[in-house]
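Following the working numbering from start to finish, the sequence shown increments by one per residue and tops out at 281. Contents: one structure, followed by commentary.
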Amino acid sequence: MRILLAGGTGLVGGKVMAGLLEQGHHVLSVGRRASGVVHPHLADLLADFAALPALAAADVAVCALGTTIAAAGSRDAFRAVDHGATLSFLKAAHEAGTTRAIVVTAVGANPGARAFYSRVKGEVERDAGAIGFTRLDIIRPGLILGARAERRPLESLMQSLAPLVNPLLVGHSSQLGAIASDTIAEAIVLLSARREAGHHIHGNREMRQLVLQSR
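Structural data, given as structure tokens:
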């Protein structure tokens with residue numbers, strides 16, 4: 067398959083890229099920075115998401131873009147990445163003829179949420195759903211476990227507490243816990259092969275089940 071990937075230099079996106087390449091897929095990594103990966107099936111398209119050029123048609127568009135308000139510097143800057151860049155990429159992919167998309171948001175995403183972070187993530191889901199993809203997979207992880215290139219002190223603290231907290235979260239509350247970036251990436255790679263139409267939401271529990279069923 068041919069895959070368009072935004073966010074390939076991030077924690078989850080980098081692992082998605084590795085998984086797709088390992089399976090022999092062709093990946094076009096779209097972003098402001100080069101992936102830094104050399105592979106015969108990988109190409110980089112360096113571009114500003116505010117002014118993306120026309121993209122090549124692909125089978126699936128995968129968006130793993132995301133930041134934090136602290137890293138972005140302000141709420142407006144955060145929204146520009148998590149909503150603006152995400153929707154710009156997805157619209158460009160759809161205009162190129164891509165009919166399926168996978169988007170990473172977050173647990174608690176809701177356009178009506180009082181919390182700014184959850185509200186923006188919910189707006190992303192709502193607006194992505196209006197683009198017109200035949201199949202749209204929404205990935206809603208809890209706290210993402212893994213080593214990031216950038217410092218996120220609060221996230222690092224929460225990651226250290228995850229082994230104590232996760233066993234206490236059962237049933238629906240398990241969706242709120244931590245999940246390994248490897249598991250998220252593996253689930254996304256598996257979902258990239260799904261062709262059934264519809265709008266599908268995958269939380270921690272669904273992603274873990276998907277990965278376990280594939281083994």
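Ideal Cβ placement from N, Cα and C applies to all residues, glycine included. In this text the structure is predicted, and so the values were computed from the model without any measurement.
Following the DSSP letters along the chain, one finds V104 in no alpha helix (DSSP H), marked with neither H nor E. Buried is the label assigned to V96, since at least 16 other Cβ atoms lie within 10 Å of its Cβ. Assignment of R68 by DSSP, reduced to helix, strand and coil, places it in the strand class. Only residues of its own chain outside the window of five on either side were considered, and among them D203 have a CB closer than 6 Å to the CB of H266, listed in chain order. Under the DSSP assignment, I135 falls outside any beta strand (DSSP E), being part of the alpha helix (DSSP H) whose first and last residues are I135 to A138. Shown here, I204 sits in a strand according to DSSP, grouped into three states. DSSP, reduced to helix, strand and coil, places A130 outside both helices and strands of the structure shown, so it counts as coil. Separation of the CB atoms of F199 and R145 is rounded to 22 Å, and the pair is thereby denied contact status at 8 Å. The alpha-carbon separation between G174 and A244 amounts to approximately 13 Å.
Counting other Cβ atoms within 10 Å of its Cβ, G178 stays below 16 and is therefore classed as exposed. If you look at H266, you'll find it in the beta strand (DSSP E) that goes G264 to H268. For S184, the CB contacts under 8 Å within the same chain, skipping 5 residues up- and downstream, are A172, G174, A175 and N176 in chain order.
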